[in-house]
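Accompanying notes for the structure given below.
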Amino acid sequence: MGVCLSARIKAESPCNTGVNSKIVSTDGNLSTSSKVSSFSAPPTPRSEGEILQSPNLKSFSFNDLKMATRNFRPDSVLGEGGFGSVFKGWIDENSFTAAKPGTGIVLAVKRLNQESFQGHREWLAEVNYLGQFHHPNLVKLIGFCLEDEHRLLVYEFMPRGSLENHLFRRGSYFQPLSWNLRMKVALGAAKGLAFLHSSETKVIYRDFKTSNILLDSNYNAKLSDFGLAKDGPTGDKSHVSTRVMGTYGYAAPEYLATGHLTAKSDIYSFGVVLLEMLSGRRAVDKNRPSGEHNLVEWAKPFLANRRKIFRIIDNRLEGQYSMDGAYKAASLASRCLSTESKLRPNMDEVVTALEQLQDNEGGQGNASNGQRMRRRSADDAIRAKRAAADDANKAANKSRNTVAYPRPSASPLYA
Ligand SMILES: Nc1ncnc2c1ncn2[C@@H]1O[C@H](COP(=O)(O)OP(=O)(O)OP(=O)(O)O)[C@@H](O)[C@H]1O
Ligand SMILES: [Mg+2]
């Protein structure tokens, strides 16, 4: 693990490997609020005691979770982030005590590292928000553990892991996602974000990225990780002032520059993720040739030109999409990435655009219903060549570069 990997670092720090590095600036407070009403009421701050009293959540003992994960066995690690490691575990559906692997309810147990930068504040934010919100496109928090120095979160297990793994991880289990599935995941994630932004919740998510989009067995997308979520502005306020936090490559430029947070910051992050899905490239990838490290900077000139839009589309999607569908999806990404935040659509508009895209393409984005398919062209040949050169470059860089991104090695856990 590189020094700065997945750790919260100062925004101005030069130690940014470009792989999921976190950003954080100086001071700020966690604001928590009650979100049970269906109208827009001013947020009522809740005490830690109130948050932990949530009737929707089970309070587990550390020992329960130790047994459920077979003593946090290294071979049951599902993934690792800035907060700590995530383990697979099993509990009995009635008693909620540890069950034999393969029986009862399957869990994902996130355990806070003692040295984590993210700490208690984010643990509590997660319990606060996910203890109140229920939506098909948000991951379900089953419970938590707060015992001595231990902080754990217990989620429903998401059998297909994160979108990040499906887009960027090579291996036999994580096959590249098809165009149809990418559009389905984009729509699911958009619905989750639209729910958070809606008038009854009014929450800014602040950490929209591929590793926080989890997939169930049918590729339904669910948002996880509410550690950075914030209540949106109330009354006539246009923004919330915060310390700058998030992940490199996903944060909106005006938020990075001013710390002024609005729902439009999430829309920008959505645009980055949509672009990652369309291109199969990471938001920040220092292993790419210079000029291509930052996905948005690299892709913007292509997005602005109807004829060039196809140059950014993942060549693993060849033959799966219609020209019209690709153009519409790329245009949507482009609007979300507008430098001027007011020009970005809101999440309801994004959902509508993605729904229309699926309808037009025949249910689930099937491009075969009479629409013109993308054919191989001279551009494609150039792109394929460039991709091959990139891969060769990457392989060479990898052997030179000792930075390792901690990822689960045992893919069969996702089954
Ligand atoms: N409920 C879950 N079911 C299955 N796998 C999960 C679940 N929650 C997390 N994971 C796996 O664990 C990985 C790590 O998750 P985590 O949220 O701790 O870190 P991250 O999102 O990669 O990074 P960050 O700390 O920056 O948010 C995820 O990418 C995913 O692969
Ligand atoms: Mg996460």
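Numbering-wise (the numbering used here), the sequence shown opens with residue 772 and increments by one.
Glycine included, every Cβ here is placed at the ideal spot set by N, Cα and C.
Can you tell me which of the options puts its alpha carbon nearest to the alpha carbon of residue i?
i	options	result
residue 908	891, 958, 859	958
residue 1035	975, 932, 1055	975
residue 1109	1038, 1077, 953, 1059	1038
residue 851	883, 838, 1086, 833	883
residue 977	891, 1130, 998, 961	998
residue 831	846, 856, 919, 847	919
residue 836	869, 896, 820, 932	869
residue 1125	1107, 1111, 1100, 1106	1100
residue 937	824, 1092, 950, 1015	950
residue 893	1000, 981, 972	1000
residue 930	969, 873, 963, 979	873
residue 1023	1006, 1007, 1042	1042
residue 995	910, 1018, 886, 960	910
residue 924	1010, 856, 1069	856
residue 947	1058, 1056, 823, 1049	1049
residue 1111	1033, 1078, 1098, 1129	1033
residue 829	898, 964, 1052, 939	898
residue 1096	1129, 901, 1002	1129
residue 895	954, 825, 972, 1105	825
residue 1056	970, 1019, 1072	1019
residue 819	1106, 1093, 1017, 900	900
How would you label residue i, buried or exposed, when you count the other beta carbons within 10 angstroms and need 16 or more for buried?
i	result
residue 905	exposed
residue 1076	exposed
residue 1047	buried
residue 881	buried
residue 1136	Here the model assigns residue 1136 a pLDDT of 40, short of 50, so the residue's position is not dependable, and the following value carries that caveat. Per the 10 Å Cβ criterion, buried.
residue 817	buried
residue 1114	exposed
residue 827	exposed
residue 1085	buried
residue 1127	exposed
residue 1091	buried
residue 1008	exposed
residue 1153	Since pLDDT at residue 1153 reaches only 47, below the 50 mark, its modelled position is unreliable, and no value is offered.
residue 810	Interpretation of residue 810 is limited by its pLDDT of 32, a score under 50 that renders its predicted location unreliable; the figure taken from the coordinates is listed afterwards. It counts as exposed.
residue 1006	exposed
residue 912	buried
residue 922	buried
residue 858	buried
residue 1013	buried
residue 1139	Confidence at residue 1139 is low in this model, with a pLDDT of 44, below 50, so the placement of that residue is unreliable and no value is reported for it.
residue 980	buried
residue 982	buried
With a threshold of 7 angstroms (Cβ to nearest heavy atom), would residue i be considered close to ligand 2?
i	result
residue 1037	no
Under 7 angstroms from any heavy atom of ligand 1, does the C-beta of residue i make it?
i	result
residue 1040	no
residue 935	yes
residue 1071	no
residue 857	yes
residue 910	yes
residue 1048	no
residue 987	no
residue 1022	no
residue 966	no
residue 893	no
residue 879	yes
residue 1018	yes
residue 850	yes
residue 897	no
residue 1007	no
residue 904	no
residue 932	yes
residue 979	no
If I follow the unbroken beta strand (DSSP E) through residue i, where does it start and stop?
i	result
residue 869	Per DSSP, residue 869 belongs to no beta strand (DSSP E) and is neither H nor E.
residue 1025	That residue, residue 1025, is in no beta strand (DSSP E); its alpha helix (DSSP H) goes 1024-1029.
residue 922	921-927
residue 880	876-883
residue 886	Unbroken run through residue 886: none, as it is neither H nor E.
residue 822	No beta strand (DSSP E) holds residue 822; the alpha helix (DSSP H) holding it covers 819-823.
residue 858	855-862
residue 850	848-851
residue 1096	Careful: residue 1096 lies outside any beta strand (DSSP E), inside the alpha helix (DSSP H) at 1094-1107.
At which residues does the alpha helix (DSSP H) containing residue i begin and terminate?
i	result
residue 965	950-968
residue 1040	1034-1050
residue 1018	Counting along the chain, residue 1018 falls outside any alpha helix (DSSP H), though it belongs to the beta strand (DSSP E) covering 1016-1018.
residue 904	Per DSSP, residue 904 belongs to no alpha helix (DSSP H) and is neither H nor E.
residue 1120	1118-1131
residue 1071	1066-1074
### Task
List in chain order the residues whose CB is within less than 6 angstroms of at least one heavy atom of ligand 2.
852, 982, 983, 995, 996
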